[in-house]
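Here the structure comes first, spelled out in structure tokens, and everything after it is commentary.
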Amino acid sequence: MRMVLHLFVWVFLALAIRVHGQQEGFLSIDCGIAGDLSYTDDTTQMFYTSDTKFIDTGTNKEIATTYMTQTLPRQYQNLRIFPNVNRNCYTLTPVIKSNRYLLRASFMYGNYDGLDQPPQFDAYLGVDRWEIDLPSNSSLYVWNEIIMVASLDYISVCLVNTGNGTPFISALELRLLDNSTYQAATESQYLQLYTRLDPGSTSGKRIRYPDDDYDRIWSPWVENFWTPINTSFSINLRKDVGYQPALAVMNTAAMPTNTSANLSFYFPTSNVDPRLQYHVFMHFAELEQLQKNQSREFNFSLDGKYALGPFSPTYLSVNTIFTMSPLSGQDQHVVDLYKTMSSTLPPILNAVEVFIVKQLTSPTDGQDVDAIMNIKAIYQIKRNWMGDPCLPVNYSWNGLNCSYPDSSSPTNISLDLSSSGLTGEIAPSLANLTSIQSLDVSNNSLTGPVPEFLTELPSLKFMNLSNNNLTGAIPTVLLERLKNGSLSLSVGNNPNLIEPSNVNVNNDINPCQVGSCKKRRKVLVPVLASVIPSLVLLTIAIFVLWKLSQRRHQRDTESVVKAKEEVGSISQRKSKDGSLRLENQRFTYAEIIAITNNFETVIGEGGFGVVYHGYVKGAIQVAVKMLSKSSSQGSREYRTEAKLLMRVHHKNLASFIGYCDEDRNKGIIYEYMANGNLREYLSGNTYVLTWGMRLRIALDAAQGLEYLHHGCKPPIIHRDVKATNILLNEGLEAKIADFGLSKVFPVEGLTHVSTAVMGTLGYLDPEYYISNKLNEKSDVFSFGIVLLEIITGKTAIIRSSERMHILLWIGPLIARGEITTVVDPRLAEYDVNSAWKAVEIAMECTLDTSIKRPTMSIVVNELKECLALERARERTFSSRREEADTRSSNSIEMLPNHMRSMAGPIAR
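Residue numbers (mature numbering (1 follows the signal peptide of the UniProt record, and there is no 0)): -21 to -1, 1 to 887.
Structure below.
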């Protein structure tokens, strides 16, 4: 025998009696059936159970009756859909760590929703994207299969909404394999099935369990230049070891009809990425009792190069030959089986499997995962705690911050379970989070002592145990660390906890002082949510007062709150008749009539008056805001706005073109904004702003306000920041408009000015309303409300059965970590971390006291970070879309019974 190249190894399975395998190590899940249902499948005799024990999200559905045929497997009659949460994860247990498994995910859309539009979405195996095949029409059902090594005592399968329809799934099946098989599957890579075929099949049917002990699905493969052969004798298999292909598969084989020809096949069948790596497994058994003058001996070549041989299959016994190193670097790979010079019979092939090699990312540290999963179980935490705690980064768990070292697995460095309804004692599993730096379990109902095991957390720097029912004394080691400054500890409002008199326990710490709090929203948002009730009470009080004042101020069509008024917001130069002196850009009333074509097109209306569309010099589009002749209040606002517009110039402020001040005809002309105001865009359904567009608009508006506050000398406070005062041009660039209520600080450096309260219901700063003290943070509060509108798509005052302020609506959702409910449901795709950060910014802006709110300069920088996160996601998505487009252009072999499988190798 010639030297065998390292590329191949063969395995001879000894003679033994085959016994049908039982279902030990099998987990068969029918997704979408009721939680109390289970059944034994009539065809496979496998036991199926409901998926309710393995996932917390989703809704059960049935396919359309049109597709409920007698031949359709029962698993495809139901499906579970996931309309509400972006990432939905199954946790498959029990699993034996370090063992090999076959995992199969099956899908049938079946037009369950009557739309006849099969969705597209992503799947993840743990933290890595699983490139699944999905049905392209309502009648197909599809399965996707991998062979993997379990690195933990559970396996996570996640479905992710990518904005192309609601994810769904029909079945999940897990099969324990012999650990001596498929050695190419390791803890660092898995094998994704490309095809599994039964050459020379005589039945023309797919074969699986109970014929195949591991429930592999074998598809028939017949070519017109092959001759099928078979035997009535049983192939001998050893039950305890080996690949054990199905008897019905091994009892048949294919050989070339031309006995001098090669038996050849190639894969893939269409042009794909040549960087993909493949493993091939071929199974052989001699089916003919050869005479003394007969021999079957052949060699193997790969891509035209000799690889192995000569080889002779063993009579009625299985030999498996497989690649030891993956094939790569070519668009197509060719496998040739060719007989030797001394052979009298051509090559045969009984079965073949081809897999694509997929590399795995290191998941979160196993000890951390075990600890977090135990904590989740003990406290029955819902949130978004599915899949891997830290990965993918976009879907890391709410309340967790992770460290992502280059050379090792991610670890959990911060855990925030504040205001989570926790009961019972502090969970012992926390002791296993050895990398944790910040722990916050405040505002719960925890009981029992402060446990000693907390002293064994070497990296812990911040711990907040306040507002619980803890008892006893604080462990001495924690107090020592508190004394030497290595730990900040808050234990306030635990009535039965003994606080030491000689140690200053910090009861007002900020968990985000830890340098690792890169995702501050996971610690900050619950803290922010805790201040909402007092803020909402103020907002409700404003609403009541507004209702009373509304009776006295019917003039304002936008329900602007004008509790008091101050004449002359800005020092102005006036003539003797009180008219405003502006030295240039002045238009006559006759010119205004010509510009607006006799006030032909109305584009808006407010308390000031009516806004008309027009053209200057017949070419430049403008908006002309004319003062209502009956409005003495509007006259003062007109002078304020005109004066301001003459002195402010910024790309994110509406550009001033001119004015008209002729007797009682007063108007302001500014640049025309083709896309109207932000409120119209957020309320409309014809065009939904993407998350990236929304952040860009928010950043534009923030930059405009930043200029007013910090770029103008003296600073200017807008006083009426709201969605209708943010205008959008043809490129959706945002500009702040309507400066009629604006206020200039008369002396630079003042922290506030006392002034009559002005503003709009829902946006008005409650501190300003109560104190009459105006400062730049009043604009910050209003901007925070606008940002919440941008995030949620809702109005500042939500008009449902009862009028509700947006802060009152959003507070409980933030406390529960329900970001997908907070974000406008019309948004199909967005970076979750970006969304959380935007919520965090909005909540900081709307804190109840102005001193706690950020400046607009800080808001601008934070929004830039928000936008950068979303831009990174968009680039990643664009790259994936290009890959998906390439894959979708590849031909896919259509098979009988309304089923589609991945294209297999082609004979040649």
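Built from N, CA and C at the ideal position, the CB exists for glycine as well.
Residue i, buried or exposed, once every other Cβ within 10 Å from all chains shown has been counted against 16
i, result
"Ile599", "exposed"
"Asn463", "exposed"
"Ile648", "buried"
"Leu16", "exposed"
"Ala653", "exposed"
"Phe147", "buried"
"Gly308", "exposed"
Proximity below 9 Å, CB of residue i to CB of residue j
i, j, result
"Asp344", "Val106", "no"
"Leu156", "Arg83", "no"
"Asn123", "Gln168", "no"
"Asn143", "Pro114", "no"
"Leu153", "Phe334", "no"
"Glu332", "Pro292", "no"
"Lys630", "Glu712", "yes"
"Tyr18", "Asp9", "yes"
"Gln564", "Tyr638", "yes"
"Gly583", "Lys596", "no"
"Val420", "Leu396", "yes"
"Leu242", "Met234", "yes"
"residue 889", "Val581", "Because the chain in this structure spans residues -21 to 887, residue 889 falls outside the shown range and cannot be described."
"Asn475", "Leu449", "yes"
"Leu316", "Tyr294", "no"
"Leu138", "Tyr88", "no"
"Thr834", "Glu755", "yes"
"Ser408", "Ile357", "yes"
"Asp191", "Trp197", "yes"
"Ile715", "Asn708", "no"
"Glu685", "Ser465", "no"
"Asn411", "Ala350", "yes"
Residue i versus residue j - alpha carbon distance
i, j, result
"Lys355", "Leu379", "12 Å"
"Asp282", "Pro178", "21 Å"
"Val726", "Ala677", "A caution first: Val726 carries a pLDDT of 43, below 50, which makes its placement in the model unreliable, though a value can still be read off. Computed Cα separation, rounded: 30 Å."
"Gln96", "Ser118", "12 Å"
"Val136", "Gly683", "45 Å"
"Thr319", "Leu328", "16 Å"
"Lys692", "Ala807", "43 Å"
"Ser662", "Thr739", "18 Å"
"Ser393", "Lys816", "17 Å"
"Ile770", "Val811", "12 Å"
"Val228", "Asp21", "21 Å"
"Met672", "Glu844", "14 Å"
"Ser733", "Glu746", "Per-residue confidence for Ser733 stands at a pLDDT of 46, beneath the threshold of 50, marking its modelled position as unreliable; the derived number appears in the next sentence. Near 12 Å, if we compare the C-alpha coordinates of Glu746 and Ser733."
"Asn298", "Cys369", "43 Å"
"Leu458", "Leu444", "14 Å"
"Pro62", "Asp101", "14 Å"
"Ala43", "Ile111", "23 Å"
"Thr434", "Ile453", "10 Å"
"Asn377", "Ala847", "20 Å"
"Ser77", "Thr238", "45 Å"
"Val838", "Leu468", "30 Å"
"Asn656", "Thr828", "29 Å"
Anticipated Cβ contact below 8 Å, residue i with residue j, distance rounded
i, j, result
"Pro247", "Thr231", "Actually they do not touch by this definition, with Cβ atoms about 25 Å apart."
"Leu674", "Glu849", "6 Å"
"Val759", "Ala702", "Actually they do not touch by this definition, with Cβ atoms about 16 Å apart."
"Gly14", "Lys40", "The Cβ separation is near 15 Å, so there is no contact."
"Val74", "Ile134", "5 Å"
"Asn423", "Leu401", "4 Å"
Which residues DSSP lists as bridging residue i, in chain order
i, result
"Ala602", "His592, Tyr649"
"Pro207", "Ala233"
"Tyr294", "Glu265"
"Arg782", "Arg778"
"Gly11", "DSSP output for Gly11 lists no bridge partner at all."
"Ser393", "Asn380, Ser417"
"residue 891", "Given that the chain is displayed from residue -21 to residue 887, the structure contains no residue 891 and the question cannot be resolved."
"Trp109", "Ala102"
The ligand GTP heavy atom lying under 8 Å from the CB of residue i
i, result
"Val595", "By its list of ligands, the structure shown contains no ligand whatsoever, and the ligand GTP lies outside what it can speak to."
Chain C contact for residue i (CB, 9 Å cutoff)
i, result
"Ser750", "You won't find chain C in this structure, because it holds only one protein chain."
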